[in-house]
Structures are given as structure tokens and as C-alpha cells.
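Data block below; observations after.
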Amino acid sequence: MNAELRKSIMKLLKSGTRLDGRKFSEFRKPIEVQCNYINTAEGSARVKIGETEVIAGVKMEVGKPYPDNPDEGTIIVGAELLPMSNPEFELGPPGIQAVELARVVDRGIRESKTIDFKGLCITPGEKVWLLLIDVISVNDAGNLLDAASLAALAALKSARFPEYNGEKIDYKKKTDKELELRNLPIAITVIKIGGSLIVDPDSEEEKATDARLTVTSMEDGTLCAMQKGGDAPLTKEDIEKMVELAIEKGKELRECL
Amino acid sequence: MTYSKRLDSREFDETRHIEAKVGIIKRADGSAYFKIGNTWAYAAVYGPRNLHPKFLQDPQKGILRCNYNMMPFSSSNERVRPGGSRRSKEISYVTEKALLPVLDLNEYPNSVVDVFIELPQTEAGSRCAGICAASMALADAGLTMKDLVAAVSVGKVDGKLLVDLDYSEESWPDGDVADIPVAMTPNTGQVTLLQMDGKIKKDEISKVLDMAKKACIRIYDIQKKALKAKYNADVK
């Protein structure tokens, strides 16, 4: 990245502030969560954090369960970093950034047991519900990861099962049946630039990142997923501080649901 | 049964409700959405910018590159698999041809203007909505244009000609159905996109084009209003 820009970001951080004047532990505002944004999806949400905007949609299908879990449905998370949302994103199969994003979102939902997979079973060994969750970036102004995980959860929360007669799904007819979500996992990414730890990086701060840690925490403060990124290593003290910050911020974002 | 009244009680020459806005994607050089009924199109323009791979470059003029894409959850049936299909490739291609006549890219040799059209939700008429959004986004990006491009589908359902088919009309069970997407330059009335699925008589073509033109002129007014609204809002 631009060395001068990095220098000025570092200088500001040393004096306790950021490019846009925020505190280290402050998210951009407003944080907006709009559920049922897409009417062709069974569940959906648009999330905005500052100028960053993502849409998550849930489609439901009936399929065969995995042989090792014959009485459980499952989720499949996809992420599309659209070239519409950032001049650096390109067309083509998902790159590593999109794959990582989808996997981090997936892990948060899966490991927190937010969805009762057994409740998705229709006929053991034969038919189960599959939840196809897709997260799409509309405008990437930084911190897609946190926005994506919040959007995915909000989309699941708003989802209603379509009518299913044992053979065919009628997507035009939604029932009242919802997914009962538990634990509400929220992912928070803390990044390290120089010696400073900050949350909700904008695009410039993201480029200046030395290391990052995404921590997914549940309602009771338990952690259910982590992912370190960035080239620089982290110390034990860094990690402890990052986790603490992530849990605290997680509570704040959970309020937006 | 004849189709004497439309299912959603629209007039035969009436489009679904339209909403349009520009400047919706801050990172893009130009952007817009165009929503017609339950069909939403977002468009983002990047460029003119360097074109890679290099062999695609034209030393005489810039090129236009369009990409039409349905979001995975945008269909009211099964999930749409990401990554493009033969259908989306074809639509991207005809969209490019629909927009090119109003652009002047002679000043941008070796460059590309990228137009990304994304459909968050669809219910018939998505290529036309995409073209409407794209032409607004190109104008928002500040490119020199001879005109805007407006597009609408004209259809024939059970012997009746009508404008802007919705899903239930497109999949009408009895009789012949024709779906004719048309894009026009509203000021000169030239046709830049014309496709047809279905059956129609030779002498009905003229009526189809007249209906398309009337609707396109109304769409053009909405597009212009949306473009002006951005700058009025900026002044405040």
C-alpha cells in the first residue's frame, strides 16, 4: 500500500485516534440491519456498517443427508465478492478472500449450534432441509467479514420455510415455520497495526493491517470460532486483548439484530 | 379464455411500479438501481480504466464490457448457482450491444469501461431492468453520452399485446405467449436491443415497437429524474 498513507495511519493511532476520528473500539455508524430485504429468498437481510453494505440470502432445498449424519440437515455458505463492490475484485471463481469469508461465516454458525440440525430432518437417511446461505458484497468499504456474519445470522433469523408436500417445494408459498436460533454467534474482527488494536477497519486501515483476528462469540460470552489473518504474528497479550474486545463488541452488534 | 384484464389490474400499456436511484454504490465510479415491480437491478460502472489482459486492448478506442449476474437468492425457484451460465453470458453480450451506441469511447484508447449488473431479486424483465440501471450508472460515472438507453419488454398474452410482462404473464398457460425485450434511445427512437421468444404476426411488429417506445419515454423521464435528484440532494 501507499507508504505515506500507512505512515499517517500509524501516526494517528499513536496519538490515540484514526483517519475518520473514531476511537479504537468504535464501529462506524450507522449499523443497519434490514431483514426480509429480498422477497425471492426464504430469508434475507441487508446489513450496512458505515458505507459497507452486504446482502445475505437463504434459499431452502430438500436433499439427501450426509451418510454420517442421516438425521441432520445442514447449511452451505457461499460468499461472492462482487466486482461491483470494489475496483480490486475481479470476475471469476471465488478467490481466497471470498472462500475464507464464507468459511469463517460457516464456522460461526455451525460451531455455535445456532441451528438445530436435527430439526431440519424430514425423513431420516432420505430427506433433510438444506439451508443455502449466500452472502454478497454490494459496497466494500472495509470489514466485510463482520458485516457478512451479521447478515447471515439476520437472514437465518428472518427465514420462513416454504411449503413442501413431500415431493415438491412451492417457493411461492411461505409457511409460518421459522428456524429457532440459539446462542446468536457474532463475529468481530480486531486488527493490529503497529502496536494498536482496532475494530471495524475501513478500506485504508485494512490495507495497513499487520495482523487480524476474527473472534466469534455467543450470547453467554463463550467463543465458538476464531481465525487469524495477516502476515505478522500476535503475542499472547495481543490475543487476550483482542478476544476481550471482540466479546464486548459482539454484544453491541447482537443488539442490532 | 381471453386475457381481457391483467392479473394485477394494470392497463395493457402500463409498466409495473418503477423506482430508480443513482449513486448507490460509493466505491464505484458510477452506480444506479432500477426497480420495476419485484425485479431489481443494480449497476456499477468502473472506468475508463486499464484493460487487462493486454491483447484485448484497442489502440483506437476504449471498449465496453458488461457483466449480467443473478445473485444466488434472486430467483423465486431454486438457488441460482453462482459463476454465470450460458443465459447470463448471452444477456451480458446483448446488453453491451444495447449500450454501446450511446457511448463515445474514442478518447480512451487501450481502456475499458466495466459495467457490472447485479440482480438481487427477479420476477421477469431482468435484462431490461439491467439495461435501464446500466445506462443511468454510465451517466452517473460522467461518461460522454449521446442519449440514455431505456428498455422494456413488450409481450403478447393470449392474443393481447401488453407492456412489461410479469412472471404470471410470461408463463401464461393457454395460447401463444410472446416476450419481446426492446431497448431504445428515447430521443432518437432507435432500437439497440431486440429479442423475441414466442409467436407473433408480421403486422403486429409495428404496434409492438410503438408500445415499447411509449413505455421507454416514460422510463426515460424516471431515469432523468433520478439523475437530477442526486445533484439536487448534493447541493442541499
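Here the protein sequences line up with chains A and B, keeping their order. For the first sequence, the working numbering assigns the number 137 to the initial residue and increments by one for each residue that follows. For the second sequence, the working numbering assigns the number 66 to the initial residue and increments by one for each residue that follows. Note that beta-carbon positions come from the ideal geometry of N, C-alpha and C, so glycine has one too.
- When C-beta distances to chain B are compared with 7 angstroms, the residues of the region 153-180 of chain A below that value are I174, N175, T176, A177 and S180, in chain order.
- Within 8 angstroms of the CB of A277(A), the CB atoms of chain B belong to K91 and R92, in sequence order along the chain.
- Only K195, E197, G214, E216, L218, P219, M220, S221, N222, P223 and L227 from the region 195-228 of chain A bring a Cβ to less than 7 angstroms from some Cβ of chain B.
- Here the alpha carbon of W237(B) sits roughly 21 angstroms from the alpha carbon of I305(A).
- At a cut-off of 8 angstroms between beta-carbon atoms, Q186(B) makes contact with chain A.
- Under the three-state reduction of DSSP output, L208(B) falls in the coil class, being neither helix nor strand.
- Listed in chain order, the positions of the region 240-258 of chain A with a beta carbon within less than 7 angstroms of a beta carbon of chain B would be empty, since no residue qualifies.
- At a C-beta separation below 8 angstroms, D270(A) has these neighbours in chain B: M136, P137, F138, R144 and P147.
- DSSP, read as helix, strand or coil, puts M196(A) in strand.
- Boundaries for V145(B): no alpha helix (DSSP H) harbours it, and the DSSP string shows neither H nor E there.
- Contact annotation for G193(A) against chain B: M136, P137, F138, S139, R144, P185 and Q186 [CB-CB distance below 9 angstroms, chain order].
- Taking C-beta separations shorter than 7 angstroms and ignoring five residues to either side along the sequence, the partners of P206(A) in its chain run P260 and G261, following chain order.
- Selection I334(A), E376(A), A284(A) and L289(A) evaluated against T188(A) yields A284(A) as nearest (Cα-Cα).
- Unbroken alpha helix (DSSP H) runs of no fewer than 4 residues, entirely contained in the region 225-284 of chain B, are found at 232-235, following chain order.
- Between V213(A) and A323(A), the C-beta spacing is not below 8 angstroms.
- Taking CB atoms only, Y300(A) has no neighbour in chain B less than 8 angstroms away.
- Here T325(A) is buried: its Cβ has 16 or more other Cβ atoms, across all protein chains shown, within 10 Å.
- By the Cβ rule, the region 167-186 of chain B counts as touching the region 207-219 of chain B, because three or more pairs are nearer than 8 angstroms.
- Inter-residue distance for N115(B) and D123(B) is about 11 angstroms (C-alpha atoms, whole angstroms).
- Less than 8 angstroms divides the Cβ of K91(B) from the Cβ of N275(A).
- Put simply, of G244(A), K249(A) and L218(A) the residue whose alpha carbon is nearest the alpha carbon of A234(A) is L218(A).
- At a C-beta separation below 8 angstroms, K308(A) has these neighbours in chain B: S141.
- The C-alpha of T371(A) is placed about 11 angstroms away from the C-alpha of G331(A).
- Not a single CB atom of chain A sits nearer than 8 angstroms to the CB of A291(B).
- Inclusion of D346(A) and D367(A) in the CB contact set at 8 angstroms is warranted, their separation being smaller than that value.
- For the options E234(B), S140(B) and L129(B), the alpha carbon positioned closest to that of L164(B) is the one of L129(B).
- Taking A277(B) as the centre and dropping the five residues before and after it, the same chain places the C-beta of V217, V219, V247 and M249 closer than 7 angstroms to its C-beta, in chain order.
- Leaving aside the five residues that flank A288(A) on each side, the residues in its chain whose CB is nearer than 6 angstroms to its CB run, in chain order, A192, V241, I269 and V271.
- In this structure, DSSP gives Y307(A) an extended state, which the three-state scheme calls strand.
- For T345(A), the three-state secondary structure derived from DSSP is coil.
- The residue from I284(B), K279(B) and K225(B) with its alpha-carbon nearest to that of I265(B) is K225(B).
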